[in-house]
Every structure is written in C-alpha cells, then in structure tokens.
Amino acid sequence: MSGVYAVESTKELIKQYFNNVKYFSQLAAKQKDQQLQVDTKLQVERIVSEIVKYIDTYDIDSLNASWEYFSTHLFNNLTEMESKTLNKLEADIFKLYLANCAQNKKTEKSVQFFEKMGHVITNNPLWTDWFCVPYLPDPASDKRFCNYFCKTFHEILLTTLHNFISISLSKLCKPPLVGYCQGIEESDDYTLQARTQASQQLQNSMVEMFMDDFSIIAKSSEKAKAKPTIKTMFKSFTRRSSDGS
C-alpha cells in the first residue's frame with residue numbers, strides 16, 4: 104500500500120512540476136509581450152518626435168526621406184481603406200510643414216518645398232489650391248488653409264499619425280505569422296506556446312531592424328540646437344493667436 108501511495112505521490116509531484124513550468128513559462132511570455140508593447144510605444148513616440156523636429160526645423164529632405172522609408176518598409180501591408188487614410192495623412196503632414204513655413208514667414212523654405220516635392224504634388228488633386236501659399240500675405244486667414252494653422256487640428260493630426268504608426272508597427276511581418284499560427288493544433292499547449300514565443304521574437308526582431316534603419320536616417324539629418332517637442336511646435340504655430348486658431 105505504501106508503494107502505491109509513493110507512486111501516486113510521485114505522479115502528483117511530477118504533475119505539479121509541469122503545471123508550474125507551464126505557468127511560469129506563460130507568465131514570462133506575458134511579461135515579454137507587455138515589455139514589447141512598452142518598447143513599441145516608445146519607438147512610436149520617437150518616430151513622431153523626429154517628424155515634428157523635421158517640420159519645426161524646416162528640414163524637408165529628412166522629412167521626405169523618412170516618409171519614403173515608411174512607405175516602403177512600414178506602410179507596405181495596408182488594406183484598401185488604410186491606404187486611403189495613409190494618402191490623406193501623408194498630404195496633411197506635408198501641408199503642416201508648409202503651414203509652418205508660412206506661419207513663420209519662411210518664404211524661401213516654402214518655395215523650396217515645391218521645388219523638391221514637385222514629383223509628389225504635381226497633378227495631385229489634394230494639392231491643387233496649395234501652390235499659392237508662399238505668395239499669400241496671410242494664408243492662415245484663408246478658409247482653404249486655416250485648419251492647418253489651428254492647434255486643435257495639429258493635435259488631432261499628430262495623434263492620428265501616432266496611432267497609424269503604432270498599428271503599422273504591430274503588423275510588421277504579421278501575414279506569414281498568422282498563417283503559421285493557424286496551422287498550430289490548439290490541443291498542443293507546449294507547441295502552441297513555443298511557436299507563439301518564436302512569433303513574438305520574430306516580430307520584435309523586425310521592429311528592431313526597422314528602428315535601426317530609421318535611426319540611420321534620423322542621424323543623417325541636421326541636428327537641431329534644441330530638440331523640439333509637440334508642445335513647442337504648437338506654440339510656434341499659434342503664437343500669433345491668443346485663442347489657438
């Protein structure tokens with residue numbers, strides 16, 4: 104009887120051991136996933152901060168180079184609806200750049216913008232009215248452009264950009280991973296867990312590779328004396344108006 108009891112006790116101990124291993128493995132995977140979410144948020148904030156810096160310092164070359172890189176490596180797995188949103192978002196970002204030039208009387212930067220971005224905006228219906236902006240005495244008072252000089256619009260636009268980049272980063276390498284995971288038998292918990300962790304590691308690696316390449320672009324741009332923030336850019340845009348519009 105004692106021998107049977109010993110065997111049963113051993114079986115129970117082994118069962119508890121594997122349950123604990125499974126629990127702690129799942130806990131570790133959850134912690135890694137949470138850390139990845141935090142890291143991704145910081146990376147998105149960094150990207151948006153760089154874009155704001157390019158706008159605030161009239162650096163059209165770096166802004167254009169960064170956006171072209173995003174289009175090729177980040178915004179390359181979009182639905183039809185997301186692609187339409189991206190086209191509008193892209194136009195609004197560059198219009199915000201032009202509005203900043205106009206707001207701060209940087210006529211030469213406005214003219215330079217059209218010279219360097221002609222291949223993008225020529226024959227583009229989203230830009231039909233904007234070619235006159237460098238020559239208007241006060242484009243902020245023109246109903247066609249006034250939104251782009253409004254603080255509320257800036258906040259909405261940059262929040263939209265933040266969310267769009269965040270979603271796009273989360274989708275890096277997702278289609279093959281989805282297909283990979285769909286073939287996993289749900290009953291095999293350990294196999295599912297191992298492959299899920301491998302998928303998370305691969306996606307994390309893809310995000311890191313993207314950020315490394317983006318860092319090269321960011322470092323190649325002319326360094327500003329003081330790194331601007333979204334708040335300081337809003338102040339720059341709205342300093343002539345006490346009500347922020």
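Read in order, the letters of the sequence shown correspond to residues 104 to 348 in this note's numbering.
Idealized CB from N, CA, C, for every residue including glycine.
Whole-angstrom distance between residue j and residue i, CA atom to CA atom
i	j	result
Leu239	Val155	24 Å
Asn167	Asp159	14 Å
Thr263	Val147	12 Å
Ile363	Ser152	Residue 363 cannot be examined here, being either before or after the span of the chain that is shown, 104 to 348.
Asp162	Glu258	21 Å
Trp230	Asn266	24 Å
Lys191	Lys219	20 Å
Thr210	Asp241	12 Å
Glu183	Leu189	10 Å
Thr175	Asn226	22 Å
His222	Lys274	29 Å
Lys187	Phe178	12 Å
Ile270	Ser169	18 Å
Asn180	Leu145	22 Å
Lys208	Asp245	16 Å
Lys254	Trp233	20 Å
Asn250	Lys212	20 Å
Glu185	Gln206	31 Å
Whole-number beta carbon distance between residue j and residue i, since they are thought to touch under 8 Å
i	j	result
Leu260	Leu199	6 Å
Ile150	Ile268	6 Å
Phe248	Ala194	Incorrect: roughly 13 Å between the Cβ atoms, too far for contact.
Ala243	Phe252	4 Å
Pair within 8 Å by beta-carbon distance, residue i and residue j
i	j	result
Pro237	Val214	yes
Phe216	Cys204	yes
Ser165	Tyr157	yes
For residue i, the three-state DSSP class (helix, strand or coil)
i	result
Asp164	helix
Thr182	coil
Asp195	helix
Lys274	coil
Lys254	helix
Thr210	helix
Leu261	helix
Leu201	helix
Asp159	helix
Met177	Checking the displayed sequence, the identity of residue 177 turns out to be Leu instead of Met. If DSSP states are grouped into helix, strand and coil, Leu177 belongs with coil.
Where the alpha helix (DSSP H) through residue i begins and ends
i	result
Thr225	Premise fails: Thr225 is in no alpha helix (DSSP H) and is neither H nor E.
Ser244	Ser244 -> no alpha helix (DSSP H), and no H or E assigned at all.
Closer than 8 Å to chain C by CB, residue i
i	result
Thr175	Included in the structure is just one protein chain, with no chain C present.
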